[in-house]
Structures are given as C-alpha cells and as structure tokens.
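Take a look at the structure:
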C-alpha cells in the first residue's frame, strides 16, 4: 500500500460567539468516531452530527484560538459606506449575495447571529428540507416602500433589505444565541419568478410548521396605549370569570421584549404559566383606570377609541399575504412597540369590545369598520382550526379589502387556504400578463359551476378586464342577489339552471338567457347622500309619468320600495323602531326641512334669544328626523349605493348601477336570481358589456319571463 496522499479531518468549533472561550477541536481521520458509535449523524442533514465523547481522545488535538477568526459582531459606522472593509471571511470587500438554485423540496432558512442593538445584522442562509425537523420562527411584516436601504451580512455576501425588515430582525435578534428564522425577502429569491411561484405554493406549510409566527404591527405614538387597554379588557374579563373557570389565564403579553430571547433583564412579562386569581394581576400590566373600572371597556366617548381605529387600520391587517400567514400559524404573536401579545388574547379582547359597541345603541359603524379586517382574520383562523375551508372564489370576495403591491398576489396569497387551491390551473405565475392570469382563474370558476357568482359582482369598472369578471382589487360591493339579507328572496329565472361557456381563445363568455325589456329613462342623480334631494325629486316625477291606476297606492309604494331594491330591513342593525315606510317618510321630511331652513350660525343670528331658541329647536327637530330615517338610509346605502332610478319601455321601475344608459337591455339569465343590465358593444357586433345586476320592481320572481316579446338567446359578454 502506497503512502496516503490525503486525510479526512473533522473540525469542531466550540463557543464560537465568545471571544474568551472560543476553541477549535481537530479530529484526524474521524471515521473511527463513527465506527465506534461515538458520533451520530442526524437525518436530513448532510453536515450535522453529535460527538458523544466528553474528553479528547487519541487522534484529536485541541487548539486554542487567540482571537475571533469570524468577526460576527461589528459596530455600525456612519453613512452609506459604513460596511466598507467589513467581511466575514477576514479580508476584502463583500459583494451582493448570490442565490444558489434551491434543491427540490427545499426551502431556505436564516440563522440570525446574536448581537447588541446597534451591531450590524449578520446571519447565515442555509437550505433545509421542506418537511425537515428544524425548529424555526417565521416573520410576518409589511415590506413598506420596498426600497432596500439596509443590509444583512452573510459569509456569502450582503443581502439588501428594507428598513421595516431591518427593524423586525433587530427586535428578534438575541444577545447571546442565534435565531433560526424564515423571512420571505431573504429566504425566497425575489428575482427568480420560477422560484417565487414554487415557494408560494409552500407558504401555508412553512407558516404551519413554524414554532412561532411574529407579526409586526407598525408602531405609533398611541399603539402602546391601545394594546395596554385591550390587555386590560382581557385581564378584567378573566378576573370576572375566575370563579367559574379557575384555569383561565392570560396567554401572555410581554412589554419591552425582543423575542425570541432577550438577556437585558428589563423585560416586562405577564406570565402565561401563572393562573390569575382575584388577588393577582398580570405583572407590569397597569391596573384598569378608575374611569372604567366598573365597565367592561372604556367609555365609547374616550379618546382611546380613535387610537384603536388607527391601530387596526394599520397596513399589516390589510396586507394580502398576512391572511395566509395569520391563518396558518399555530402560535401567533403580535409585536407593536414595547408589546408582544398572543393573538388569542387580542382576539378575545376585541370580541368583548365589538359586543359592547354593538349593544351600545350608538352608530359606531365607522369605528367598527376599522377592525373588520382583524375580525375577519380571527374568524378564518377558527375555520382553519376546524379543518373547514372555503373555495378560492369565496375567499376572494371576503378579502376584497386586502392590499398587495402586485395585483396577482391577491389571487396567489389565498391559494394555500382555499379548498380548491391545488387545482393545476391556479398555479402561481409571475411571468404572464395579469389579464391572462385573471382570465385563466375565472375560466376555472366557470368550469366549477360558479359563473353566476361571478356575474352578480361583476360589471363595468373601467379596467381592461372582461366585464363578466369581478374586480377583486376593490372593496366588495354587496349584491342584491343576497336578497334574503334584506328579507326579500329573489328568483328572477324561476327554477332554471345556469348555462354558460367560455369561448376558446377569447375573453368572451356565452350566457344563456332572455331579453326582457329595454331602459327608457335614467335619473340624472344617484342615491349618494349629496344628491338625495334631486334624486327623490326625480323619482317622484318618473313614477308619476308611469301609467298607473290613480285609485291605487302603487305609486306611493314604488317611491319608497324601489330605491332600496324592495328591502324590508337593512342588513346592518341600526337604532330605531320604525318600519321602512315610516322611516322613508321621516327622511323626506328631513330633506324638505333642510332645504327650507336657512343656513345660519346659531350664535350670530342678530335677532336675540328668541331667534336663537327657534334655531336650536329646528336643529333638534332635524336631529330627530335624521335618527328616525336611519333605517331607510341604511338600506339605501347598503347594496345599491350609488345606483340610479330607471324606467323601462314596458313601464317598470327599478334601480341599476351608475353606468346604466338609455337603450340598455334588461336581461334575465338562466339560473339567475336577479335581472342584469347589458350594454350593446360598438366594437364587437352582437356582443355585450355587462353593466351589472339590477332591481326591476315586479319581475324579481319569475314574472319577467311571462312578459310579451321575451326572446331567449345566448349573450356574448366580454
């Protein structure tokens, strides 16, 4: 046997984060360790093992390192060139990090190295099996402007990151231990569209497997006070229930912390292991102020509620990707300012708040709307825990408020939660034009038999997409097809089933239906509040022009029933005990009085106290009428907000979307519960644009198909 030309050496670095204790163990020809069962190699890791011996053995030498060979901690200098000359390799300038191709079934993780608050961020990016056993935390945050003004240094180069991510990582960085994290901007090669599409499919699982998910809500001057108040609401509720459920506890709210792990010794923590009792209160959570010590929540006139509205209006609660990250997470903690709170504690506090606001009898709909996205996420988490999922189309409708930089991400961000999200046609695609993707997804919905659900919420929007496809990037409009919400179920086509097909290699949809009527007259004013006076005046004139029996009350009924699409009550509960017709009359009286009453400053009338008293009484009367009309106003502003009053050639009255024009077609589609307005195309002969659904009084339950001159046809809609 000839001389050995090479030898295997195993190097073990000990206490790498300590300049005083750092040492290096060198094992020459380490095979004997494995052969003698002194080393164990872990499954799914190529280079991780455990050496069981406690002391040096023959064939091993211990070297004492005189200094740190890898400067893992470096102070930040001033100016944009602060990293010049810094390196994790010992010499030379570092270039940009270059992403290696991900191995099949792998994802990347970031080892965030420890450091002080002002130290340069440093870490190591590694690949790990997607179904591996690594324990990592995931970061959920808002990218912000997208400008990568900060950086994290790695042995393989510098990774540019946004200021918002820099703040998140500094919060999560431990002083003495590395943290294993998954961060989208670092762990996904954002320049590789193919990799992005592949990793998007894995996101739900990535967040499900994380031991914890940290959601970063933007800090503001009032956010600390908001979280503190909500934790007080939660703790107060626990105290009240403690005698019935002695094991109830506050899951955990931490202030002044930088999880995972902080060694400052200054953390303020409400211990999630200590059960609350009547004599115990979460550590460092201030007691409830005397102003609401005998109430479940602060007075609704308190200034804190303005801050609460601002807190929940934060972009984190509205971001499209947050939906999947929040719903998939098993353990979710929100970070805001000095607070780290458990999602469940925040949710239970908001359930109390929402209940108290609802039963207050006050019109606080604007305030409630600010936390609707949060409550929607909370409800979705509960459905996920029950293993119940909605189809993608329903999710798209429910999360129209979601925001994303790329419009296509509104679709892709929900795939991991959708019951039909694994459909091959829903494959994420960052290369094709947006219109191609929208059309492909919509064709799947047609194939699934959900075509009518598309038409109910579609119509002319001014974008470049076919009119039969809803615009999922705007706030969801309420549909009159949900007529049961208003107490009047509709069935315009009777018991027929829908029949529609997509035209191959075209953006047209062929829908089987009936031409019922034509639009003869459209009001100039709409039902927006600033146009109410003119709108109802036009309605009166248009109804009076119809050929109606003068001895009947039909005209009076049309004037108040048609503008609210026949609703018997609003979907959202409002104060007041009047019926809909009485509420309508109060609104008419309010509008007349507002028109007749001169606009004056009550304190400068110049006619003495008597005139001032009259003005005060007039204002009080106006307030009374406005309150009495609230039921009708709620119905008017619900599903038909912005619509116009219409009259058809056959003498029917109705309301339709604002884009309706004289000469448009009133159509009833097979399987449709409401009629639709179609506009003849000037560019494509025989084709139509969908204006939207409509309400035509008297033909909402099959009567329209019995009218003279009804024609069955296949409508080409694009």
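Residue numbers (full-length UniProt numbering): 1 to 718. We treat Cβ as the ideally placed atom computed from N, Cα and C, and that holds for glycine. None of these values were measured; they are calculated from a predicted model.
Quick one: Cα of residue 113 to Cα of residue 107, how far?
19 Å
By a C-beta neighbour count over all protein chains shown, 10 Å radius and 16 as the cutoff for buried, is residue 319 buried or exposed?
buried
Within 10 angstroms of its Cβ, does residue 9 collect 16 or more other Cβ (buried), or is it exposed?
In this structure residue 9 is exposed. Its beta-carbon is surrounded by fewer than 16 other beta-carbon atoms within 10 angstroms.
Simplified DSSP state of residue 520, which is helix, strand or coil
If DSSP states are grouped into helix, strand and coil, residue 520 belongs with the strands.
Residue 729 vs residue 201 beta-carbon contact at 8 Å
Residue coverage of the chain in this structure runs from 1 to 718, which leaves residue 729 outside it and unanswerable.
My output table needs one value for residue 584: the three-state DSSP class, helix, strand or coil.
helix
Can you check which of these residues, 500, 393 and 406, is closest to residue 470 by C-alpha distance?
393
Taking Cβ positions, are residue 22 and residue 15 nearer each other than 8 Å?
Against a cut-off of 8 Å, the Cβ pair of residue 15 and residue 22 comes out as a contact.
Would you list, in sequence order, the uninterrupted alpha helix (DSSP H) runs of no fewer than 4 residues that lie entirely inside the segment 161-224?
Those alpha helix (DSSP H) runs which fall completely within the segment 161-224 and span 4+ residues are 163-172, 184-187, 193-200 and 203-209.
Considering just the uninterrupted stretch of the alpha helix (DSSP H) at residue 455, what are its terminal residues?
451-456
Identify whether residue 391 lies in helix, strand or coil by the three-state DSSP scheme.
Three-state result, residue 391: coil.
From the DSSP output, in three-state form, read off residue 543 for me.
Three-state DSSP puts residue 543 in a helix.
Excluding the five sequence neighbours on either side, which residues of its own chain have a C-beta within less than 6 Å of the C-beta of residue 554, listed in chain order?
548
Flag this pair as yes or no: are the beta carbons of residue 230 and residue 346 separated by less than 8 Å?
yes
In whole angstroms, give me the CA-to-CA distance for residue 663 and residue 206.
54 Å
Could you give the distance in angstroms between the alpha-carbon of residue 218 and the alpha-carbon of residue 593?
46 Å
Specify the secondary structure class of residue 376 as computed by DSSP and reduced to three states.
Correct three-state label for residue 376: helix.
If you follow the alpha helix (DSSP H) that residue 639 is part of, which residue opens it and which one closes it?
Run containing residue 639: none; DSSP gives neither H nor E here.
CA-CA distance, residue 632 and residue 473?
In a straight line, the C-alpha of residue 632 is about 29 Å away from that of residue 473.
Can you grab the Cα-Cα spacing for the pair residue 310 / residue 138, in whole Å?
26 Å
In the DSSP assignment, find the beta strand (DSSP E) that holds residue 123 and state where it starts and stops.
123-129
DSSP three-state call for residue 463: helix, strand or coil?
coil
How is the beta strand (DSSP E) around residue 326 delimited, first residue to last?
From DSSP, residue 326 is part of no beta strand (DSSP E) but of the alpha helix (DSSP H) over 320-328.
At what residues does the alpha helix (DSSP H) containing residue 307 begin and finish?
304-312
What are the start and end residues of the alpha helix (DSSP H) that includes residue 339?
No alpha helix (DSSP H) holds residue 339; the beta strand (DSSP E) holding it covers 339-342.
Would you call the segment 152-170 and the segment 181-191 touching, i.e. three or more CB-CB distances under 8 Å?
Yes: the two stretches touch, three or more of their Cβ pairs being nearer than 8 Å.
Going by DSSP in three states, residue 151 sits in which element: helix, strand or coil?
strand
For residue 715, which residues does DSSP report across the bridge?
511
As a quick exercise: from 125, 97 and 543, pick the residue whose alpha carbon is nearest that of residue 159.
Check the Cα spacing between residue 159 and each of 125, 97 and 543: the tightest is with 97.
Evaluate the contact criterion for the segment 558-565 versus the segment 578-588: three or more CB pairs, one atom per stretch, below 8 Å.
yes
For residue 410, which residues of its own chain have a beta-carbon under 7 Å away from its beta-carbon, when the five flanking residues on both sides are left out?
320, 402, 404, 472 and 473
Pick out whichever of 117, 655, 507 and 375 has its Cα sitting closest to the Cα of residue 567.
655
With a threshold of 8 Å between beta carbons, is residue 176 in contact with chain B?
The chain labelled as chain B is not found in the depicted structure, where only one protein chain is given.
Please confirm whether residue 642 and residue 460 have their CB atoms less than 8 Å apart.
No, these two residues do not count as a Cβ contact at 8 Å.
Integer Cβ distance of residue 224 from residue 339, believed to fall under 8 Å
6 Å
Return the CA-CA distance between residue 706 and residue 679, expressed in angstroms with no decimal places.
23 Å
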